[in-house]
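Peer 1:
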Amino acid sequence: MNIKEELYNQCVQFVEKRYQTVQHAISEIQESLLSETKSSAGDKHETGRAMLQLEREKAGHQLAEIVKIKKALSKIDTEKKSKTVGLGSVVYTSGANYYMAVSAGQLKVENHLFYAISPNTPIGQLLMGKTVGDNVVFRGIEFNVTSLV
45 MNIKEELYNQ
55 CVQFVEKRYQ
65 TVQHAISEIQ
75 ESLLSETKSS
85 AGDKHETGRA
95 MLQLEREKAG
105 HQLAEIVKIK
115 KALSKIDTEK
125 KSKTVGLGSV
135 VYTSGANYYM
145 AVSAGQLKVE
155 NHLFYAISPN
165 TPIGQLLMGK
175 TVGDNVVFRG
185 IEFNVTSLV
């Protein structure tokens, strides 16, 4: 099994689950907005509608963010080999292992732990462009890039 492919698939599942959750929330808000009737006490009704509108707007922003994340994921080529850290790289270090893709938290493949991180995160920015043997200092802790896949 290709470790890059497995990490990629786990990230896709993570993003898809978030997408479904936000879609579900938007549907529920829409239903609530439709079921709100004018028979409620005037001001209270308007406040309720305004709160629901705000919730819908917030969920819409979350959905837009997830769509951007999906787009970033789609740019990853799991077959690509590189000598420098870039999008889609599996980075082994003396501290932890990273998958440069999207921020999806801790992933496990073949009893190895990886942190799926976005290149835009502080640690991601430090790792981008590094090669095997390079040192990185993050939050006062120095570690070494030991291997790249």
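Residue numbering for the sequence shown follows the numbering used here, starting at 45 and increasing by one per position.
Where a beta carbon is used, it is the ideal one built from N, C-alpha and C, also for glycine.
(1) Which same chain residues, not among the five before or five after Ser162, have their C-beta less than 6 Å away from its C-beta?
(2) If I follow the unbroken beta strand (DSSP E) through Gly149, where does it start and stop?
(3) Figure out for me which residue from Gln67, Lys127, Ser79, Leu131 has the closest Cα to the Cα of Leu51.
(4) Between the stretch 97-113 and the stretch 67-82, are three or more C-beta pairs nearer than 8 Å?
(5) Which residue from Gly177, Ile185, Tyr63, Lys174 puts its Cα closest to that of Lys112?
(6) Using a threshold of 8 Å, state whether the C-beta atoms of Val129 and Val193 are closer than that.
(7) Which one of Ser191, Leu170, Val176, Thr175 has the shortest CA to CA distance from Gly184?
(8) Taking the Cβ atom as the reference point for each residue, do Ser138 and Phe187 lie within a distance shorter than 8 Å?
(9) Where does Met95 sit, in a helix, a strand or coil, going by DSSP?
(10) For Tyr143, which residues in the same chain have their Cβ closer than 6 Å to its Cβ, ignoring the five residues on either side in sequence?
(11) Going by DSSP, what residues sit across from Leu157 in a beta bridge?
(12) Please report the straight-line C-alpha distance between Val66 and Gln106, rounded to a whole angstrom.
Peer 2: To lay it out plainly:
(1) Excluding residues within five positions, the ones whose Cβ falls inside 6 Å are Val146, Ser147, Gly168.
(2) Gly149 -> beta strand (DSSP E) spans 149-153.
(3) From the listed residues Gln67, Lys127, Ser79, Leu131, the smallest Cα separation to Leu51 is found for Leu131.
(4) By the criterion of at least three beta-carbon pairs nearer than 8 Å, the stretch 97-113 is in contact with the stretch 67-82.
(5) The candidate whose alpha carbon is nearest that of Lys112 is Tyr63.
(6) Not in contact: Val129 and Val193 (Cβ atoms no closer than 8 Å).
(7) Closest option to Gly184, Cα to Cα, is Leu170.
(8) Yes.
(9) In the structure shown, the three-state DSSP call for Met95 is helix.
(10) Spatial neighbours of Tyr143 in its own chain (CB-CB distance under 6 Å, excluding positions within 5 residues in sequence) are listed in chain order as Leu51, Val134, Phe158, Ala160.
(11) Under DSSP, the beta-bridge partners assigned to Leu157 are Lys152.
(12) Val66 and Gln106: Cα-Cα distance of roughly 7 Å.
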